[in-house]
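Taking it in order: structure first as structure tokens, then the write-up.
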Amino acid sequence: MKRTNLLGLTASALGDFFEAVGERRFRSLQVLKWIHQRGATDFAVMTDLARPLREKLAQIAEVRPPEVVRQEDAADGTCKWLVRTDGGDCVETVYIPERGRGTLCISSQIGCALDCSFCATGKQGFNRDLTAAEIIGQLWIANQAFGNFAGRSERRVTNTVMMGMGEPLLNFDNVVAAMNLMMDDNAYGLSKRRVTLSTAGVVPMLDRLGDVTDVSLAISLHAPNDALRNELVPINRKYPIASLLESARGYLRKLPDTRRRITVEYTLMDGVNDSVELARELGDLLRDTPCKINLIPFNPFPGTGYRRVTPVAVARFQEILAAQGYTVTVRATRGDDIAAACGQLAGDVNDRTRRSERYRQRDMGDEQIVRIVGG
Ligand code: SAH
0 MKRTNLLGLT ASALGDFFEA VGERRFRSLQ VLKWIHQRGA TDFAVMTDLA RPLREKLAQI
60 AEVRPPEVVR QEDAADGTCK WLVRTDGGDC VETVYIPERG RGTLCISSQI GCALDCSFCA
120 TGKQGFNRDL TAAEIIGQLW IANQAFGNFA GRSERRVTNT VMMGMGEPLL NFDNVVAAMN
180 LMMDDNAYGL SKRRVTLSTA GVVPMLDRLG DVTDVSLAIS LHAPNDALRN ELVPINRKYP
240 IASLLESARG YLRKLPDTRR RITVEYTLMD GVNDSVELAR ELGDLLRDTP CKINLIPFNP
300 FPGTGYRRVT PVAVARFQEI LAAQGYTVTV RATRGDDIAA ACGQLAGDVN DRTRRSERYR
360 QRDMGDEQIV RIVGG
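Numbering (numbering that gives the first Met the number 0), first residue to last: 0 to 374.
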């Protein structure tokens, strides 16, 4: 019999599990704390459970985080884990320390199906959804690596962003379950403001999101008009900008707190979407959407045809929007000496993907080749 991995079960799913095996539901709260607050993977240490129950659990269940293949530490304190999932493919998780906080950037899928033209993950294609255990497992791994389970606190995860590999809304149930664990006081206890889901704009799923959670929302806009966004974010052809912004405002309307805003992410690429005209157009577009704007200087990766934006262009873009009354932040490029910056994550021990990339490259014309990661 296959043992149930308890790592990815929310409090209510864990309650169902205990009920199904003839135990009391409230056991779930004890076990949640053991797994997510003390990092236990062995039922034998769960001493507030009776010994027969511990032995029974060892027979039918397991607590199995994904395996860490390697941890890399960047000069600026950023830290990246290469994590092996069931089946052998790898995803990446990145920790970004900033003054007073530490953000963990979590992957939701192996690869990504959306194929945004400027993103390294999209270039490797889509493999599969991560399970809830593999998603929350990335936070578990960071806590373990930093000694947080053992009471150390020099480095802590205070915020999580679903901004690693994958499109979180295309793995809806598992992402929602993992985010519930992040926010559960019996697990990681992060506040809803410190858990952020970022989407390229899967509108029907975004319409559902507000019915099941109240985490912070970021949308990857990158262009103020459909003609340009169709090129950069192909899913825009299906769900154009107007429908995305309406859906994002709908998400905010479902939240009881009327002061909350979404984050609009805008990756700036030299000569592509960084002009003064586009900055003004963006300001006009967002007039009725409660938001702050996060500018992300494009991070290059092998094989991309896009270039880094100049600091002058970033400053100009920011000033134009700020003058229109927006809160505009610029995301610092962090950890790019270990390819841990936005859009550089590609789970690069995945030989199978690299091989198939090579085949794809051989079949394509020059112009397309520059848009593919060589691996
Ligand atoms: N699929 C989700 C999460 C993606 S990654 C989404 O699209 O929102 C988080 C952010 O990094 C997104 O805004 C994404 O568009 C951006 N990004 C992707 N590749 C990048 C690159 N090479 N340089 C800078 N930002 C990039």
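Even glycine gets a Cβ: it sits at the ideal position worked out from N, Cα and C. The structure displayed is predicted, hence computed values, not measured ones.
{"Check": "Three-state class that DSSP yields for aspartate 72 in the structure shown", "Outcome": "strand"}
{"Check": "Collapsed DSSP secondary structure at glycine 14 in the structure displayed", "Outcome": "helix"}
{"Check": "Tyrosine 250 - DSSP class collapsed to helix/strand/coil", "Outcome": "helix"}
{"Check": "Close-in-space but distant-in-sequence residues of the same chain around phenylalanine 17 (CB under 7 Å, 5 per side omitted)", "Outcome": "Arg23, Arg24, Arg26 and Ser27"}
{"Check": "Closer than 8 Å: isoleucine 95 CB and nearest the ligand SAH heavy atom", "Outcome": "no"}
{"Check": "Proximity to cysteine 290 [Cα-Cα], best of Tyr250, Cys118, Arg50 and Thr309", "Outcome": "Tyr250"}
{"Check": "Contact test: threonine 328 Cβ vs the ligand SAH heavy atom, cutoff 8 Å", "Outcome": "no"}
{"Check": "Distance between arginine 50 and alanine 112 (C-alpha atoms, nearest Å)", "Outcome": "46 Å"}
{"Check": "Closest Cα partner of isoleucine 261 within the set Leu196, Ile59 and Ala322", "Outcome": "Leu196"}
{"Check": "Serine 215 beta carbon near the ligand SAH (any heavy atom closer than 8 Å)", "Outcome": "no"}
{"Check": "heavy atom of the ligand SAH below 8 Å from alanine 199 C-beta", "Outcome": "yes"}
{"Check": "Residues bridged to threonine 159 [DSSP beta-bridge criterion]", "Outcome": "Leu103 and Val194"}
{"Check": "8 Å CB neighbourhood of alanine 74 in its chain, flanking five on each side removed", "Outcome": "Asp336"}
{"Check": "Proximity test, glutamine 137 beta-carbon vs the ligand SAH heavy atom, cut-off 8 Å", "Outcome": "no"}
{"Check": "Stretch-stretch touch, CB-based, cutoff 8 Å, three pairs: the stretch 264–279 with the stretch 218–233", "Outcome": "yes"}
{"Check": "Closer than 9 Å to chain C by CB, valine 82", "Outcome": "Of the chains in the structure shown, none is chain C; there is only one protein chain."}
{"Check": "Which listed residue (Gly282, Thr3 and Asn185) has its alpha carbon closest to that of isoleucine 59", "Outcome": "Thr3"}
{"Check": "Inter-residue spacing [alpha-carbon to alpha-carbon] between threonine 9 and proline 255", "Outcome": "24 Å"}
{"Check": "Neighbour-count burial assignment, leucine 208, 16 or more Cβ in a 10 Å radius", "Outcome": "buried"}
{"Check": "Threonine 332 versus Leu216, Leu285, Thr266 and Ala57, residue with shortest Cα-Cα distance", "Outcome": "Thr266"}
{"Check": "Buried versus exposed, by CB contacts within 10 Å (16 or more), asparagine 349", "Outcome": "Its pLDDT being 47, under 50, asparagine 349 is placed unreliably by the model, and nothing is read from it."}
{"Check": "Start-end ranges of the beta strand (DSSP E) lying completely within the stretch 270–305, minimum 3 residues", "Outcome": "290–296"}
{"Check": "Contact between the stretch 99–107 and the stretch 153–167 (3+ Cβ pairs under 8 Å)", "Outcome": "yes"}
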